[in-house]
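Residue numbers (my numbering), protein chains in the order written: chain C, 615 to 983; chain W, 615 to 983.
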């Protein structure tokens, strides 16, 4: 399933590079509330994982999932999966506010957990998750898809690692998304205590990218704000939010997220990342090169001391995260992503949401010029 | 003089649309410290103004100016110009901290003043300028060139006015600039009390665009920060700054300015403006369409309910500001720009600078992922 009109169901397929053989690393999918579960399972199965089970209380969701993954067996209950010693990792895309509870059950059952972002919605959940990691030694990994499942974003990480822009100092990220037909969205999408607020939800992608590209271990949310500008009939939907973060190494980020992608855009969002370094800068046009009509994606622009370089990397980079995650689970390493990193992004996106000021349009002073 | 490698000497030439006949509106140029004086005089003479006098204590600067404007006479002193009753408007591009003083003398002499941005560097100067406007009824107008002298920016204003993106709610602006060879810059460029700090100096362009595009009459700088990341040998040069503003109508802005344009970029800065509305968005690529190598500029991308629209408007829009300013001076109207607007942008850029937190790189935690 790959639907470019709708980010919720955007599930990239990469070039398969398997790190394990059939049956060597067995996974399951529990809770299919968000379409990201497809991308998560694509990534892992392409890297060699064997998807044994699926479970969701909604049989319709299970049947649809089985169309994409015909080998997977429908479990009768979550317990059946948690009690299966063959299953090493459980993937989940529950309602955001329930992702932590699911993870706690998964880890308590002795399995690693891989959840859709945002991985949780409150600082209390974060404490519980950290405690469970300490107790069990299991992983609570997160599908921050806008970096790990976007070839342009992966390539940017490689460029920065090579020093292509000197020392990164600042990132600007835009994460526009399309609501689409609100009727096609589940109710929880519009309930803030369930989806967590825009800075927690889609903001988590942005903050994770800041930590990653700028080499930040800890950061402060120095400013954040949210608004409901367009979707007045859904007052709990923040359709806009932005924030400024300062990293412990002195780097800074501003990001903007919104649910305002116009119908005329040929994909679900014109996601961009601009990474400014001391010796150059990178721009990512992740899902579209707007206005060109060429239906391409994964554009990377690098400007350095020597010139302007343009790479179109679709199909050329792959998604190393998934194979690394499988090997991390097997070898108890942290090459795909450290637990500290996954939790720090979660913490900061909850904090950004908690401290956000609420904005709304008042009068518009048209004659101000 | 049009030098695309160097923003300081970037002086656009537009298609002439004259609003007055030769000799009907006489202007002079005083203080040639910043190359913007060329763009200012281009704009006004193309609109019909007659450039009678030039004065600067540096004869070399005057001789260079006369090469671009062969009709202009070199005055022996500033007084000679201020005492000439034919002169209606004096253009100045003094050292930033001296722009207000010059303006006060010009207005006291009964003439309108048109200064390069930033128009002043302190709130005390702003008070003096406002007082002089009250006393004399003369104008203290400002060359916010990154909007009024950029066809893409002018066109964006027309699109917004037509409602192309619904109600604007948020703007992101990037104003990257190139230092070039620091030796070629005057000393004052690196002295903060003279150039005013980056948020005051090149930040003023950004704030003016926010007020204009979002129809904002007053705003609060809710966050700002500056840094000296690369040009350590010039510790008073902020080579980075960004800020968040909230308008009185609930709209918001984030902008970033910097002096970090890499040598490899084929123009002086990859200036962008992203205007997000309830029904669509606009992206401006003002000076370059990076990575295309096609040497074009003034790209406007509009995405609305119907599709993605791309306009390349170089030579197609012109710069109506200059003709409007001439007519405003003659008719005592405010069509080009209100005094309130010019001063509000000045006030906010000074405030953004005053309250900015200073950032610097410390350690870089490379293993944070």
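We put the CB at the ideal spot given by N, CA and C, even for glycine.
Short check: CB of residue i to CB of residue j, under 7 Å?
{"i": "residue 686(C)", "j": "residue 941(C)", "result": "no"}
{"i": "residue 857(W)", "j": "residue 966(W)", "result": "yes"}
{"i": "residue 861(C)", "j": "residue 828(C)", "result": "yes"}
{"i": "residue 791(C)", "j": "residue 873(C)", "result": "yes"}
{"i": "residue 731(W)", "j": "residue 756(W)", "result": "yes"}
{"i": "residue 758(C)", "j": "residue 822(C)", "result": "yes"}
{"i": "residue 746(W)", "j": "residue 705(W)", "result": "no"}
{"i": "residue 713(W)", "j": "residue 734(W)", "result": "yes"}
{"i": "residue 892(W)", "j": "residue 771(W)", "result": "no"}
{"i": "residue 883(C)", "j": "residue 875(C)", "result": "yes"}
{"i": "residue 636(C)", "j": "residue 664(C)", "result": "yes"}
{"i": "residue 817(C)", "j": "residue 963(C)", "result": "yes"}
{"i": "residue 707(W)", "j": "residue 900(W)", "result": "no"}
{"i": "residue 658(W)", "j": "residue 936(W)", "result": "yes"}
{"i": "residue 737(C)", "j": "residue 943(C)", "result": "no"}
Residues in its own chain within less than 7 Å of residue i by CB, not counting five upstream and five downstream?
{"i": "residue 778(W)", "result": "894, 916 and 918"}
{"i": "residue 723(C)", "result": "696"}
{"i": "residue 837(C)", "result": "857 and 858"}
{"i": "residue 700(C)", "result": "640 and 666"}
{"i": "residue 769(W)", "result": "914, 925, 927 and 931"}
For residue i and residue j, what's the separation of their Cα atoms in angstroms?
{"i": "residue 982(W)", "j": "residue 753(C)", "result": "Low per-residue confidence applies at residue 982(W): pLDDT is 41, beneath 50, and the placement is therefore not dependable enough to give any value."}
{"i": "residue 684(W)", "j": "residue 677(W)", "result": "10 Å"}
{"i": "residue 951(W)", "j": "residue 764(C)", "result": "45 Å"}
{"i": "residue 681(C)", "j": "residue 649(C)", "result": "14 Å"}
{"i": "residue 798(C)", "j": "residue 804(C)", "result": "12 Å"}
{"i": "residue 671(C)", "j": "residue 694(C)", "result": "13 Å"}
{"i": "residue 955(W)", "j": "residue 831(W)", "result": "7 Å"}
{"i": "residue 911(W)", "j": "residue 638(W)", "result": "34 Å"}
{"i": "residue 854(W)", "j": "residue 782(C)", "result": "12 Å"}
{"i": "residue 972(W)", "j": "residue 841(W)", "result": "6 Å"}
{"i": "residue 878(W)", "j": "residue 810(C)", "result": "43 Å"}
{"i": "residue 800(W)", "j": "residue 784(W)", "result": "36 Å"}
{"i": "residue 970(C)", "j": "residue 844(C)", "result": "18 Å"}
{"i": "residue 749(C)", "j": "residue 807(W)", "result": "57 Å"}
{"i": "residue 870(C)", "j": "residue 835(C)", "result": "13 Å"}
{"i": "residue 631(C)", "j": "residue 846(C)", "result": "46 Å"}
{"i": "residue 903(C)", "j": "residue 773(W)", "result": "21 Å"}
{"i": "residue 711(C)", "j": "residue 957(C)", "result": "15 Å"}
{"i": "residue 851(C)", "j": "residue 716(W)", "result": "52 Å"}
{"i": "residue 890(W)", "j": "residue 813(C)", "result": "17 Å"}
By the three-class DSSP mapping on this structure, what secondary structure does residue i have?
{"i": "residue 868(W)", "result": "strand"}
{"i": "residue 773(C)", "result": "helix"}
{"i": "residue 632(C)", "result": "coil"}
{"i": "residue 732(W)", "result": "coil"}
{"i": "residue 703(C)", "result": "strand"}
{"i": "residue 922(W)", "result": "strand"}
{"i": "residue 642(W)", "result": "strand"}
{"i": "residue 798(W)", "result": "helix"}
{"i": "residue 839(C)", "result": "strand"}
{"i": "residue 670(W)", "result": "coil"}
{"i": "residue 946(C)", "result": "coil"}
{"i": "residue 973(C)", "result": "strand"}
{"i": "residue 966(W)", "result": "helix"}
{"i": "residue 780(W)", "result": "coil"}
Excluding the 5 residues preceding and the 5 following residue i in the sequence, name in chain order all residues of the same chain whose CB lies nearer than 6 Å to its CB.
{"i": "residue 786(W)", "result": "868 and 888"}
{"i": "residue 897(C)", "result": "888 and 915"}
{"i": "residue 692(C)", "result": "644 and 669"}
{"i": "residue 961(C)", "result": "740"}
{"i": "residue 979(C)", "result": "Only weak support exists for where residue 979(C) lies, its pLDDT of 49 falling under 50; the coordinates are left without a value."}
{"i": "residue 923(C)", "result": "916"}
{"i": "residue 675(C)", "result": "646"}
{"i": "residue 905(W)", "result": "none"}
Below 8 Å CB to CB, which residues in the same chain sit around residue i once its five sequence neighbours on both sides are set aside?
{"i": "residue 718(W)", "result": "742, 743 and 746"}
{"i": "residue 826(W)", "result": "761, 771 and 955"}
{"i": "residue 651(W)", "result": "643, 645, 679, 705, 706, 707 and 730"}
{"i": "residue 976(W)", "result": "none"}
Practice item. Please list the residues of the region 916-944 of chain C that have a C-beta atom closer than 8 Å to any C-beta atom in chain W, keeping them in chain order. Key: If the cut-off is 8 Å between Cβ atoms, the region 916-944 of chain C has 917, 918, 919, 920, 921, 922, 923 and 924 near chain W.
**Study point:** Residues of the region 820-831 of chain W whose Cβ lies closer than 7 Å to any Cβ of chain C, in chain order
**Key:** 825, 826, 829, 830 and 831
Check your understanding: What are the residues of the region 871-886 of chain W that lie near chain C, defined by any Cβ-Cβ distance shorter than 9 Å?
Key -> 872, 874, 875, 876, 877, 878, 879, 880, 884 and 886
Exercise for review: Could you list the residues in the region 830-863 of chain W with a C-beta less than 8 Å from some C-beta on chain C, going in chain order?
Suggested key: Cβ contacts with chain C come from 830, 831, 836, 837, 839, 841, 843, 844, 854, 856, 858, 860, 862 and 863.
**Study point:** Under 9 Å (Cβ pairs) to chain W, residues found in the region 893-905 of chain C
**Key:** 893, 894, 895, 897, 902, 904 and 905
Point to revise | Contact list for the region 776-796 of chain C against chain W, Cβ threshold 9 Å | key: 779, 780, 781, 782, 783, 784, 786, 788 and 790
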